[in-house]
Structure formats: C-alpha cells, structure tokens
Amino acid sequence: MNYNSAINFASKILKKNLIKTASIDSEIILSKTVNLTREQILLNLNKKLSFKELKYFKKLINRRKKKEPIAYILEKKEFWKQSFQINSNVLIPRPDTEILVEEVLKCLPLSSSKSILEIGTGSGCIVLSVLSERKNCYAKALDISKKALKVAECNAKIQHLRNRIQFIYSGIDKFCIGKYDIIISNPPYIKSASIKNLDEDVRLYEPRIALDGGYDGYSLIREVIKKSSYLLKNGGKLFLEIGFEQINEVKKLLKDNHFYVNKIAKDLRKINRCIISTKI
Ligand SMILES: C[S@@+](CC[C@H](N)C(=O)[O-])C[C@H]1O[C@@H](n2cnc3c(N)ncnc32)[C@H](O)[C@@H]1O
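Throughout the sequence shown, residue numbering follows my numbering, covering 7 to 286 in sequence.
Here it is, written out as structure tokens:
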C-alpha cells in the first residue's frame, strides 16, 4: 500500500467511526509511522509502506478509531513554544491554559528572580514554559500523581530546566514547605457528576484525577486557595485557572482567604478562564 492509499483507507475507517478530523488524523498518524513530516508525506504519496510500517499504522489508526486523543497516540503536544512529551497519565495541555502562562509572564520582569510553586503540574507545561522565559526564576512543582511527575521531569530534562525546578510527590493538603512569590494552579475543577457528560476522548482517556473537582467542582480550588494563603509571601500572587461558571464563587473564596482580586483573564473564546489575585 502506498502513502496515498493508506491515508484514504484510514480516513474511511475514522469517518465511519465519527472522527471529525478523519483525514488530517490519518495524515498525522502516517507521518508518525514513517517518521516524516506531513509535507514530506504529501510529496511522496506514491511511496510504499513496508509490511512493518503498515502493521504499526493500522495499530495506531485502530487506537484513534476508539476515540483515543491524537496527542496520546503521538505522545506529544505543542504548548507555548515547546513540544511536550505526554502520555495518558497527564492531562493534554490545552491552548486555553497558555493564558495562565501569559498572565504570569506579564507580572514577571525579564530579569526577575522569583520563587514559583505550581500545584498540580501534570506534564509540567505551565511552570516549564514560565521558567523557559524567565532565566532567573526557580520553581517547585507538586502533583499527587507519581506517574505525572515522571512525565514533567522528563520534559524538564529535555528543555534543560532540570536545575531550576524541584518536583514534589504530594497532595496539596499535606504540603507546607517554603514561602513563594508566585503560585500557579490549573486544578481539576469539573463536578464529579458531570464527568459522564464530557466528550468520549476526554472521559475515557484523560486521567480522572486531573479532571474531577469533587461533588461541586470546588474541592481542589478551595484547597489551593486555602493553602496558597499560607504558602504565599505577603504581596505574592496566585494565578488560578477555573471553569467559566466558577468566577463568582472563586472571587468569594479568595476574599474570604485574604486575597485581593486583580484581574480576570478571558480565554481564546472570550470565556473567563484565569483569575489573578494578591495575598494581602
Ligand atoms: C487539570 S490537571 C493540570 C495539569 C497541568 N498543570 C496542565 O495545566 O496541563 C490537574 C493536575 O492536578 C493534579 N492533582 C489532582 N489532585 C491533586 C492534589 N490533591 N494535590 C496535588 N495535585 C493534584 C493531577 O494529578 C493533575 O496533574
């Protein structure tokens, strides 16, 4: 089978299984299979796949057919200015989360040397993106998932940031070391009962621990705010990603925990996504 027939063959299978991005996914998966760029594939449509390549290609298409996200199949996802290694132990970095990085950078002059804590680092995409832009800052990143921390550590090594970050295996409830200038968190914030309504690719493949915010969606948000009021230096800033309908409750929680709300940043769809506050 040549590249052209392989793409057509796979697109048909994916379309039949209601994958909306069937043809582009087929091209991307072929590109992973034969280790060529998509442009190189399109220039070599008559080239034949070897028996081994075809077998591997069919295996990956079969995974996509079952709605596994393309990022898990490729084992990488672009975020900010880097490609992050990922696997099914971490949430797939979302473009909307780049707002959080942008807002942190706005508060950090180029030469600043601040201490940063990230709560729930997952792939490490947020904190590593900040460190890569601010060469004098250093960070601690914690996660309750040991497997997620392994992924984050791998990304730190690849991006040559390992000497400016410490990874800590802990739940936020048990963590009480140090005082920080900045705390960043994109905690799980979906109501437990709403998980069943998520798209299949999220619900079946992304780690539940990265999504489930407890019965009302605020369990981790509450914990992060409470703990941050203790872990932040006076005047330190908390950058929190939240669900779009959570803004008023989160504002109240922040005020109750002695934070001044500085700003609410909207995501690419103009939805409230990130809340920035100062410990007073
Ligand atoms: C929504 S994901 C965010 C991952 C990453 N920061 C991102 O934005 O792509 C939330 C992360 O918090 C971690 N987590 C969940 N409960 C936690 C807890 N009690 N303490 C610390 N981390 C927790 C999960 O393992 C997951 O990696």
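Positions of the beta carbon are idealized from the N, C-alpha and C atoms, including for glycine.
Taking C-alpha positions only, Ser225 is separated from Glu81 by approximately 30 Å. Taking the Cα positions, Ile270 is about 11 Å away from Phe250.
Proximity of the beta carbon of Ser151 to ligand 1 is indicated: a heavy atom of the ligand is located closer than 6 Å.
With 16 or more other Cβ atoms from the protein chains shown falling within 10 Å of its own Cβ, Ile231 counts as buried.
Per DSSP, reduced to three states, the secondary structure at Lys72 is coil, with no helix or strand assignment. The region 190-198 and the region 100-116 touch, with three or more beta-carbon pairs separated by less than 8 Å. Counting only the Cα atoms, Asn10 lies some 52 Å from Ser119.
Short note on Asn192: C-beta closer than 6 Å to some heavy atom of ligand 1. With the rule of 3 Cβ pairs closer than 8 Å, the region 130-140 does not count as touching the region 209-228. Around Leu237, the same chain offers Tyr186 as residues with beta carbons nearer than 6 Å, after the five sequence neighbours per side are excluded.
The beta carbon of Gly126 sits closer than 6 Å to at least one heavy atom of ligand 1. Across the structure, Gly219 and Gln252 are spaced so that their CA atoms are roughly 12 Å apart.
Counting only runs of 4 or more residues that sit fully inside the region 117-177, the alpha helix (DSSP H) segments are 131-139 and 152-164, in chain order. The straight-line gap separating the alpha-carbon atoms of Gly177 and Ile227 is approximately 13 Å. Placement of the Cβ of Ile178 at a distance of less than 6 Å from at least one heavy atom of ligand 1 is found.
The DSSP-derived three-state label of Lys243 is strand.
The beta carbon of Cys131 sits closer than 6 Å to at least one heavy atom of ligand 1. Counting of Cβ neighbours within 10 angstroms places Thr43 among the exposed residues, the total staying below 16.
Taking one beta carbon from each stretch, the region 82-97 and the region 261-268 have fewer than 3 pairs nearer than 8 Å; the two do not touch. In this structure, the alpha-carbon of Glu206 lies about 25 Å from that of Cys280.
Annotation: Ala162 to Ser234 spans about 24 Å, alpha carbon to alpha carbon. The C-alpha of Ala145 is placed about 14 Å away from the C-alpha of Leu114. Beta-bridge pairing by DSSP links Asp218 to Ile196. Annotation: Leu60 to Met7 spans about 8 Å, alpha carbon to alpha carbon. Of the residues Val40, Lys38, Lys83 and Ala16, the one whose Cα lies closest to the Cα of Asn68 is Ala16. Within the chosen limit of 6 Å, ligand 1 reaches the beta carbon of Pro99 through at least one heavy atom.
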